[in-house]
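What follows is a short report on a single structure.
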Amino acid sequence: MAITTHDTETEIQDRAILVSLVTDKIKRTGIDPELSLQELVQLAETAGVEVLDVLRQNKETPDSKWFIGKGKVEELRMAADGLGANTAIFDQELSGAQVRNLEEALDLKIIDRTQLILDIFAGRAKTREGIIQVELAQLSYLLPRLSGHGKNLSRLGGGIGTRGPGESKLETDRRHIRDRITELKRQLDEVVKTRELHRERRRKSGAVQVALVGYTNAGKSTLLKQLTDADVYIENQLFATLDPTSRVLQLPAGKEVVLTDTVGFIQNLPHDLVASFRATLEEVNEANLVLHVVDASSPMREEQMEVVQSILQELGAAGKPQIVLFNKSDICRPEQLQMLPSGPGFLKISAFNPDDLTRITEMIADELAGDTLTFRIPGDRGDLSSLLYRVGEVLEQNVDDNDVLYQVRLNKEDYGKWSYKLSEYVEQE
Ligand SMILES: Nc1nc2c(ncn2[C@@H]2O[C@H](COP(=O)(O)OP(=O)(O)OP(=O)(O)O)[C@@H](O)[C@H]2O)c(=O)[nH]1
Ligand SMILES: [Mg+2]
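The letter at position 188 of the sequence shown is residue 188 when you use the UniProt record's numbering, and the numbering goes up by one with no holes.
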């Protein structure tokens, strides 16, 4: 059951009006609805949609039947007629019944933000794992909304919202979809096992893992390419990368680490998608160090950083050592650059500046090398001395009365494992 690809010749061009409803609940989330709408425009364009107009409404709660108010439905009809739109894309999630009601009343294809994102993912998935994960997310999204789709979708033909599970499948019963979900989960389990074996092998080989994470379009793949000469897909679009790519990165002192590029994050990332992509995102959990790439030129920089932190939290990776790379400094205004935090753990860079690439590898090496601690080990504790040699890099060793003073460079993780034995011998930090 392959994901259907776009056939540009027979495809109906999506001409869409975007709709945003700002409810009290949304206001409380603190997400700026205007920025979210700007992002919806980018998402729509990434999906190949022509955006004709944008409608907004403020309302305490959504209308249970229409989502937006009745008057706004009328306004949408007039706008669609006037501009020749065939699609309306909502910035918030709709129920199956709301989709059906709107489709019937307006004779438009109705898509919501989640569906649009799922659609972009479906068009991007290349590996078996990616394809299974996207179909799983699409079916999980579809199942509770089944009554809302079908008739109109098949009548309106191709375009967004129709990639992935084909029309005939939409018309089959829920049981069929549930069976398919079960089958996909089984297949995913298999793929996950293979991935775990690979990871296990990497772990045993002692390879140090560094993961590039960040908001979509921040420049993660560009950095992977610039740092390792990897041949990866880079586009000024949202979600250019779906499948993790790993490459060996040489650090200044000749040490090697494995650098992995990951799928970009976005606000309101559909929950089904996060759940389905957990296997892929596990790569982040495996990392010894996280490079958080930020588009410093974006007006949404702070919001985007928060989204990334909260997804890292959800994945259980928020406590990992992290370096924040403020990227695209070449297109930032001087006052934008001044506002950025600096100091240890932060770098202002451009992926296209070779000096900056060197600074990145130096900071990675520093971060992985960890801190230098001095231990005072009693002369008769040969076991502890040899432990120090095993877990860290002994820089200096001096005898002082009956003790030996060791100056040792340790990375936090390794030290953490042995601190129960070593911490009482730390002389100074
Ligand atoms: N001016 C400038 N553009 C950059 C820089 N780094 C990346 N870009 C551009 O930003 C766009 C997105 O880059 P990608 O590397 O595809 O971004 P990504 O984070 O991998 O994006 P997704 O895979 O979609 O999550 C491309 O057009 C890059 O050329 C930079 O330092 N300066
Ligand atoms: Mg990418």
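Even glycine gets a Cβ: it sits at the ideal position worked out from N, Cα and C.
Please read these numbers as outputs of a predicted model, since none were measured by experiment.
Sheet register partners of residue i (DSSP bridge)
i, result
"R56", "S20"
"D261", "L212 and T245"
"D403", "P378 and D400"
"I323", "L291"
"T87", "A16 and K109"
"K67", "First, the residue type needs correcting, since residue 67 is Phe and not Lys in the sequence shown. Note: F67 sits in a beta bridge opposite D63."
"T372", "R409"
"E393", "R409"
"V134", "None, per the DSSP bridge assignment."
"Q250", "E256"
"V51", "A16"
"V426", "F375"
Distance cut-off 6 Å: residue i Cβ against heavy atoms of ligand 2
i, result
"T228", "no"
"K65", "no"
"S221", "yes"
"T114", "no"
"T280", "no"
"T29", "no"
"T87", "no"
"T241", "yes"
Beta strand (DSSP E) segment containing residue i, residue limits
i, result
"D295", "L289 to D295"
"A97", "A97 -> not in any beta strand (DSSP E); alpha helix (DSSP H) instead, spanning G96 to L106."
"T358", "Where T358 is concerned, there is no enclosing beta strand (DSSP E), although the alpha helix (DSSP H) it sits in stretches over P354 to A369."
"residue 461", "Past the edges of the chain, shown from 1 to 429, lies residue 461, and the structure says nothing about it."
Residue range of the alpha helix (DSSP H) that includes residue i
i, result
"D189", "R174 to K204"
"K348", "It is not in any alpha helix (DSSP H) - K348 instead sits in the beta strand (DSSP E) that spans F346 to K348."
"V307", "R301 to L315"
"G416", "K412 to L422"
"S36", "P33 to T46"
"residue 431", "The chain is shown only over 1 to 429; residue 431 falls outside these bounds and no answer can be derived."
Residue i beta carbon near ligand 1 (any heavy atom closer than 6 Å)
i, result
"N268", "no"
"N236", "yes"
"T216", "yes"
"N327", "yes"
"G264", "yes"
"F121", "no"
"A351", "yes"
Distance cut-off 6 Å: residue i Cβ against heavy atoms of ligand 3
i, result
"D330", "For ligand 3, the structure offers nothing, since it holds only ligand 1 and ligand 2."
Closest Cα partner of residue i within the set the options
i, options, result
"G345", "Q336, M363 and L357", "M363"
"Q250", "S276, F277, F352 and V208", "V208"
"V324", "A211, L83, R409 and L139", "A211"
"T46", "E367, R124 and E103", "R124"
"L373", "K65, L347, Q407 and A122", "Q407"
"I110", "V54, R195, R301 and L18", "L18"
"T245", "S221, P252 and L238", "S221"
"N285", "L312, S276, D261 and I266", "L312"
"E303", "Y233, G214, F352 and G343", "G214"
"T228", "V391, T260 and N217", "T260"
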